Structures are given as C-alpha cells and as structure tokens.
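**Student:** Using our numbering, you'd call the opening residue of the sequence shown number 16 and step up by one each time. Built from N, CA and C at the ideal position, the CB exists for glycine as well. Only a predicted model underlies this, so the values are computations on that prediction, with no experimental measurement involved. Structure provided below as structure tokens; questions to follow.
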Amino acid sequence: MITLEHICKIYKIGRERKVHALHDISETVHEGEFVAVVGPSGSGKSTFLAMAGLLERPTEGVVRFDGKDVTDLRDRERTRIRAERCGFIFQFPSLIPTLNALENVLLPKTVHRTYQNSDEKWGKEVLERVGLKDKLENLPYQLSGGEQRRVALARALINKPDVILADEPTGAVDAYNASVIISLFKEWNAQGKTVIMVTHDMKLADEAGRIIELADGRLKQDPE
Ligand code: ADP
Ligand code: ADP
16 MITLEHICKI YKIGRERKVH ALHDISETVH EGEFVAVVGP SGSGKSTFLA MAGLLERPTE
76 GVVRFDGKDV TDLRDRERTR IRAERCGFIF QFPSLIPTLN ALENVLLPKT VHRTYQNSDE
136 KWGKEVLERV GLKDKLENLP YQLSGGEQRR VALARALINK PDVILADEPT GAVDAYNASV
196 IISLFKEWNA QGKTVIMVTH DMKLADEAGR IIELADGRLK QDPE
C-alpha cells in the first residue's frame, strides 16, 4: 500500500547545520498490515511516519501510494490523498476548545467541505466505539486527558481511512485508555485496514503484526 524506496531525509537547521533523519530507507507496508515502528528517541520514527503519510517530502528517494509515485505530486494532490485515505493520530489530541466532542470529530468533514448528513451518524458511532457515547456534547475541557485522546482517535476515523498513522498514540495515557486505543486499531485492522503505529513501548509494539525497527535513521534488519 505504501512503499518507501531509498528514502533519505535531511532537515536543515539554520544555514549550517543539517540533520540526517533517515538514511536510505526502503520498506513496504502492505494493505491490511498492522506494523509498529520502534526505536530510541531521535531514531527517525516520526520522520518515517511523515514520509509514509505524505506529511513531508523526502530529500531523496521515492514514496509510492498504491503503487503510484506520489513524491513530486503537487501539495493539493498530496493533501487530497491524505484527506481521503489517511487518518492521523498524534501524541497531542489538538482538539478545538470551542467545539464539543462530536463537532471535533466531524471537523475534517467541515474543513474539507465534504460534510453529509450521514456523517453525523458515523461520528456518533465512532465516539460510541471509543466509549464516549454519553459525552458527545462535552467540550474538550470537560473531558479527561485520555478521553480527549479518544476523541482524536474517533476524529481520525471519520473519513473511514484505509490507513491509520499514529505517532505515540498511547503516550501519557493510563492503561485503560491505552487498551481502548489499541483495541480499536486491532478492530480496524481486522476489517482489512492498514495501521502504522510509532511507539517506544515494546509491549505495545508486540500487539502489531510486524515490527519495523529504526536506529540512527537506518532500518535494523533481522539477521537473515
Ligand atoms: P523519533 O520520532 O524516533 O524520536 P524523529 O523522526 O522525530 O525521531 O527525529 C529524527 C531526527 O531528526 C532527530 O535528530 C530530530 O532532532 C531531527 N528532526 C526531526 N524533525 C525535525 C525538524 N522538523 N527539523 C529539524 N530536525 C528534525
Ligand atoms: P483524569 O483522572 O483522567 O484526569 P478528570 O479528573 O479530568 O480525569 O475527569 C474525570 C471525569 O470527569 C471524566 O470522565 C471527565 O469527562 C469528567 N470531567 C472532567 N472535567 C469536567 C468538567 N469541567 N465538566 C464536566 N465533566 C468533567
């Protein structure tokens, strides 16, 4: 589904400094896979996710989405693929404080002007699936940290994405909230959807079907 071919990513900091975040990464995530991306802090996990989710462009190499080279597509096209195919979850829920839980979940629809009446039903259903049936109208400050994270998870599902891309989705949440999040990933994956989850928690990574391990911006290959 998503293929990275010889990806290098160099970040420029000011005029002089360069950070080589990824070195010659080639990896394929197949449709229906649940992969965990692991490695120490600074090893390139978030950068890997940014490449796979078309959030940033590589310095070198090719990114394919469903076999199609999307590396040099215009921003508008890349945004369209992200909006239609991908659901993102980041470590911070970034909810709009003046919108209630359901309105936050429906936000991607309103922003991209694709809102249909049936979306509200699906929005309520995903909030129910993450255990927030009774809190549809709560504003973010009326929700605990873990509940806010679950709203963000429901929001990521509003477009019924083919691939979920999650960066430390269970960072700083308690065991209960972490289990709700991971169960939903598994449920989504069981329906044939792809999940790519960045985590530094090896116990969580073991829940995935496959582990991609990074060290210093390189793939750590199994000795074969
Ligand atoms: P991880 O997610 O494994 O902690 P990252 O992909 O965030 O690793 O970072 C890999 C390297 O790239 C680190 O050295 C980090 O400081 C650097 N880096 C990440 N994003 C940026 C950025 N936007 N600008 C400059 N350097 C960055
Ligand atoms: P946590 O222990 O996870 O930080 P909180 O103490 O923030 O949880 O919240 C506990 C419960 O009270 C949650 O279910 C949350 O929805 C609810 N709650 C928290 N703040 C408010 C509020 N200002 N108005 C209504 N409900 C709230």
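Smallest Cα separation from glycine 161: which of Gly138, Glu152, Gly68 and Gly146?
**Tutor:** Gly146
**Student:** From this set, Ile227, Val213 and Leu168, which residue's C-alpha is nearest asparagine 192's C-alpha?
**Tutor:** Leu168
**Student:** Please name the residue or residues paired with phenylalanine 80 in a DSSP beta bridge.
**Tutor:** Ile17 and Lys83
**Student:** Please name the residue or residues paired with glycine 160 in a DSSP beta bridge.
**Tutor:** Per DSSP, none; premise fails for glycine 160.
**Student:** What are the start and end residues of the alpha helix (DSSP H) that includes threonine 62?
**Tutor:** From DSSP, the alpha helix (DSSP H) with threonine 62 extends over 60-67.
**Student:** Taking the beta carbon of proline 238 as the centre, do at least 16 other beta carbons fall within 10 Å, making it buried, or is it exposed?
**Tutor:** Any reading at proline 238 must be qualified, since the residue scores a pLDDT of 48, below 50, and its modelled position is unreliable; the value itself is stated next. With fewer than 16 other Cβ atoms within 10 Å, it is exposed.
**Student:** DSSP on arginine 233, reduced to helix/strand/coil?
**Tutor:** In the structure shown, arginine 233 adopts extended strand secondary structure according to DSSP, grouped into three states.
**Student:** Strictly by DSSP, which residues pair up with histidine 35?
**Tutor:** Ile25
**Student:** Per DSSP, what are the beta-bridge partners of valine 213 in this structure?
**Tutor:** Val52 and Asp182
**Student:** Hey, how far is the Cα of proline 123 from the Cα of glycine 224?
**Tutor:** 29 angstroms
**Student:** Are there any heavy atoms of ligand 1 lying less than 8 angstroms away from the beta-carbon of threonine 185, as far as the coordinates show?
**Tutor:** no
**Student:** For ligand 4, is there a heavy atom less than 8 angstroms away from the beta-carbon of tyrosine 191?
**Tutor:** Ligands in the displayed structure: ligand 1 and ligand 2; ligand 4 is not one of them.
**Student:** Let me confirm a value: glutamine 157 is counted as buried when at least 16 other C-beta atoms fall within 10 Å, else exposed. Which label applies?
**Tutor:** Residue burial annotation: glutamine 157 is exposed, with fewer than 16 other C-beta atoms found within 10 angstroms of its C-beta.
**Student:** Reducing DSSP to helix, strand and coil, say where arginine 144 ends up.
**Tutor:** helix
**Student:** Does the distance between the C-beta of threonine 214 and the nearest non-hydrogen atom of ligand 1 fall short of 8 angstroms?
**Tutor:** no
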